[in-house]
Structures are given as structure tokens and as C-alpha cells.
Amino acid sequence: MTKKINKIERREFIKTSSKYFAATMFFGAAGSNVFGGNSSVKSIPSVTLNNGIEMPMLGFGTLYLTDELGVRCVSDAISLGYRLIDTATIYGNEESVGKGIKQSGIDRKELFVTSKLWVDDSGYEGTKKAFQTSLNKLGLDYLDLYLIHRPRGDVKGTWKAMEELYKEGKIKAIGVSNFEDEHLEDLTSGFKTVPAVNQIETHSFFQQEKARKSLINYGIQMEAWSPFAQGRNEHFTNKVLAEIGKKYNKTNAQVSLRWHFQRGIVAIPRSSQKAHMKENLEIFDFELNKSEMLTIANLDLNKTQFPEWS
Ligand SMILES: NC(=O)c1ccc[n+]([C@@H]2O[C@H](COP(=O)([O-])OP(=O)(O)OC[C@H]3O[C@@H](n4cnc5c(N)ncnc54)[C@H](OP(=O)(O)O)[C@@H]3O)[C@@H](O)[C@H]2O)c1
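So for the sequence shown, the numbering used here puts the first residue at 15; every next one is plus one.
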């Protein structure tokens, strides 16, 4: 019985993904819905958030990329074609990210910059102050996306402040991270603004299919953190991903990122190596078929690979 339900659910999500994929590629081809791109890398398709803002479907994560390493990596990533840069107050690298952006020479308007409010700053006053500190450190005068990092502390006070900052135009879209259904229920019942994004742990070994469906119902864009599970569980040498990749001459990293994309999920892989950054962008010139999507679905262990963060 369970097997049957799983089969039906998987069939349904592939149908949804392919519709989504067709729409994304259509807009991509029209040229009005793509970010970045240079001579070696195809432009990155974007998704329209619930408030009309465009968000690239693939971005660059910056956890652990601090100090000079952070500056260099962010600048390299932008020069290669990344336009979405994901940071957070708790990463301690907003200054480095800001310097990397400056060093890249890119027009601010071309970028989609995300930061996150840490739990210690939760509440109305704390949020206003922390947001301004993040802007100052980044050297920016607005954020494209500001997320509540974890559903802890005074979430409602935080959301009230974020709604105000959003209305003032200091943030283009506001959202959450690591929120489960109960947290979303609480937030969406008390406020006018529905989060635009929920950034949650998502990779081959924790696929979050239930959350993906639920977020579609809320109209909230799902974003995957640790899209490679940081290489845990031997992600980069996984035989199933490698076998699929062989057919397209793609690596495990590329197969994974393509799988996220075809599920309609924004992914933000991190790398400190330029070759990996480039490799991770090269996912828009092949398409996984239904049976390959199903094969990857079967890798799901349905549990976090980061129990230390729960
Ligand atoms: N909201 C949250 O609570 C939360 C939590 C965790 C992460 N995040 C965000 O999500 C981003 C991504 O997650 P993550 O940084 O935890 O891990 P990840 O992106 O899943 O994995 C990063 C690891 O993959 C390696 N890698 C990257 N590309 C590769 C390739 N093509 N081939 C082989 N290895 C490759 C990197 O090594 P090299 O440097 O050697 O390439 C690095 O060790 C973070 O940076 C952060 O922005 C958010």
C-alpha cells in the first residue's frame, strides 16, 4: 500500500516538475527571465516569487567562506556567472561577501543577495538593528531576500519588522529558513505577507518531498541548503548518480543540481574552487528523464544528514 502511494506521489511530482521545467525553459528562451551568464556558461533561469520578484534558480552558498577566502570566492563566483549570493549573519562573512561583490565590478542591480537574521537578534527591535548591521557590513543599501534563519525566539516580532522593511523597499522579498508546516501555519495565519521563500536542508539523501508539495500549496518557493549534503554519505562518489551522469558526461554534483532544478527547487551550492564553481553552473544543457528522476528519488533516506544542527 505504502509503495503504491509513493509511486503515485512520485509520478505526480515528476509531472509537476516537467510542467515547471517547460515553463522555465520557455521564459529562459524568451530572454526575459534569466540571470547572468557569460561566454562559457548558459544563463541561469529564474523563478518568479509570490510577490513578482525574479530569483535565480541556481546560486552560490558562502557558509565557511570567511575573510580573504570569502572575498575571492564571491568575486570568482560572480565572474563565472553566479548572480544569487547566499550569506547569513551567523556565517560571520557579510563583510567579505560585500568586498567580493565590489571586487567583481558587477552592477548591484544584476545581483540577488540573500542574508539571514540569526536567532539572537529575533524580535522587532533586534531585527531592525540586525538588518541595518547586515546592510552596513555588506556595503549595500537593500537586500533582495532576507530570511529568518531558524524558527526560534520572537518570530512574530521579527516578521513584523521584516514586513515594514519590505514595505519601505529595503528588502525586495522576505522569507524563512528551516520552517516546518506548523511554523508556516502560525506565521501565515497572523500576517498579510506570506514568506516568499523557505530555505531548508534538501539533497538526494533528504529529499523533503512532503515539504516540497506543502510549499507549493502555500505559494512559497523552496530553496535547498546543502544541495550536496556537504559531500556526506559519499555523495560525490555515489554510484547511482555516477551511472546517470555517465550518459550525459556529467559529474555527481551536476546530476544532483540538475535534479534540484527539475524539481523546481532553487539550489545554492558552495565551492572554494573555481573549477567546481564552473562545473556547478553547467547543468542547463541536459535533462534527466522520468526514469532517472525516479531512480534518484529512491536514494532518499528521509532524514537529516546534519543531526548536530537540529
Ligand atoms: N539556512 C540554513 O540553515 C543553511 C544551512 C547550511 C547551509 N546553508 C547555505 O547553503 C549553502 C550550501 O550548503 P553547504 O555549504 O552546507 O554545502 P554543499 O553546497 O552541499 O557542499 C559544499 C561542499 O561541496 C564541495 N563541492 C562543491 N562543488 C563540488 C563539485 N563540483 N565536485 C566536488 N565537490 C564539490 C565543496 O568543496 P570545494 O570547496 O572543494 O569545492 C564543499 O566541501 C551554504 O554555503 C549556505 O549558504 C544554509
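Even for Gly, the Cβ is constructed at its ideal location relative to N, Cα and C.
Original post:
How close, in whole Å, do the beta carbons of Ile104 and Val88 come, if the pair is a contact with beta carbons under 8 Å?
Top reply: With 8 Å as the limit, Ile104 and Val88 do not qualify as a contact, their Cβ atoms being about 17 Å apart.
Original post:
Is the beta carbon of Pro241 within less than 6 Å of some heavy atom of ligand 1?
Top reply: yes
Original post:
Measuring from the CB of Phe275, is there a heavy atom of ligand 1 at a distance below 6 Å?
Top reply: no
Original post:
Should Lys181 be labelled buried (16 or more other beta-carbon atoms within 10 Å of its own) or exposed?
Top reply: exposed
**OP:** Check each candidate in Met236, Ile115, Val169, Leu149 and name the one with the smallest Cα separation from His197.
**Re:** Val169
Original post:
In this structure, does DSSP put Asn312 in helix, strand or coil?
Top reply: coil
**OP:** Less than 8 Å between the CB atoms is what I'm expecting for Gln268 and Gly259, so what's the real figure, rounded?
**Re:** 7 Å
Original post:
Does any heavy atom of ligand 1 sit closer than 6 Å to the C-beta of Ala225?
Top reply: no
Subject >> Three-way DSSP call (helix, strand, coil) for Ile297 in this model >> reply: coil
Subject >> Any beta strand (DSSP E) of 3 or more consecutive residues that is wholly inside the stretch 156-240 >> reply: 157-162, 185-191, 211-215, 235-239
Original post:
Between the beta-carbon of Glu237 and the beta-carbon of Val208, is there less than 7 Å?
Top reply: no
Original post:
Within 10 angstroms of its Cβ, does Lys224 collect 16 or more other Cβ (buried), or is it exposed?
Top reply: exposed
Subject >> Local Cβ density within 10 Å of Asn263, reported as buried at 16 or more and exposed below that >> reply: exposed
Original post:
Taking 6 Å as the cut-off, does the CB of Phe250 come closer than this to any heavy atom belonging to ligand 1?
Top reply: yes
Original post:
CB-CB under 6 Å to Thr38, same chain, minus the five flanking residues each way: which ones, in chain order?
Top reply: In this predicted model, Thr38 has a pLDDT of only 40, less than 50, meaning its place in the structure is not dependable; the value taken from the coordinates is given anyway. Counting only Cβ-Cβ distances below 6 Å, and skipping sequence neighbours, we find Pro59.
Original post:
At what residue ranges does the stretch 46-108 contain a whole run of the beta strand (DSSP E), taking only runs of 3 or more?
Top reply: 58-62, 68-70, 73-75, 98-100
**OP:** Would you grab the beta carbon distance between Ser305 and Asn294 for me? Rounded to a whole angstrom, and I think it's under 8 Å.
**Re:** At roughly 24 Å, the Cβ-Cβ gap does not stay under 8 Å, so Ser305 and Asn294 are not in contact.
**OP:** State the beta-bridge partners of Thr128 as determined by DSSP.
**Re:** Asp100, Leu159
Original post:
Cα separation between Gly45 and Pro241?
Top reply: Per-residue confidence for Gly45 stands at a pLDDT of 32, beneath the threshold of 50, marking its modelled position as unreliable; the derived number appears in the next sentence. Taking the straight line joining both Cα atoms gives about 27 Å.
Original post:
CB of Leu131 to nearest heavy atom of ligand 1: below 6 Å?
Top reply: no
Subject >> Validate contact between the stretch 73-80 and the stretch 159-167 using beta carbons, cut 8 Å, 3 pairs >> reply: no
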